[in-house]
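Enquirer: Take a look at the following structure, please.
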Amino acid sequence: SPNTSAMLRAMAEACANVRDRLEIKVAAPLSAGVDEVLGARGVLIFTPENFAYMSGATKDFFERIYYPCLE
């Protein structure tokens, strides 16, 4: 959504002063997976809220990574 994209851009700009210490990777929920999560030191997830629930693409992301990343 446009608002979610605006939040993502704002966070990327806020992290600009630490880019020499961080690698920032942006991935859409349908293209991100287990390797991205397990290889990250931290994860920020932005999702639009629809009818008091996250977007279907974000839910799909969580369902695909949950068990492989559980340990």
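Numbers in this note's numbering are just positions in the sequence shown, counted from 1, shifted up by 297. Using N, Cα and C, we set each Cβ at its ideal position, and we do this for glycine too. Values in this document were obtained by computation on a predicted structure and should not be read as measured data.
1. Nearest CA to the CA of F343: which residue from V315, P365, A337, V323?
2. Rounded C-beta distance between G336 and I362? I'm assuming under 8 Å.
3. Would the beta-carbon of V315 fall within 7 Å of that of C366?
4. Our contact map puts I321 next to A303 with C-beta atoms below 8 Å; I'd like the distance itself, whole angstroms only.
Expert: Taking the geometry as given:
1. For the residues V315, P365, A337, V323, the minimum Cα distance to F343 belongs to V323.
2. The C-beta separation of G336 from I362 comes to about 12 Å, leaving the pair out of contact by the 8 Å criterion.
3. No. Outside cutoff.
4. Between I321 and A303, the beta carbon gap of about 17 Å keeps them out of contact (Cβ cut-off 8 Å).
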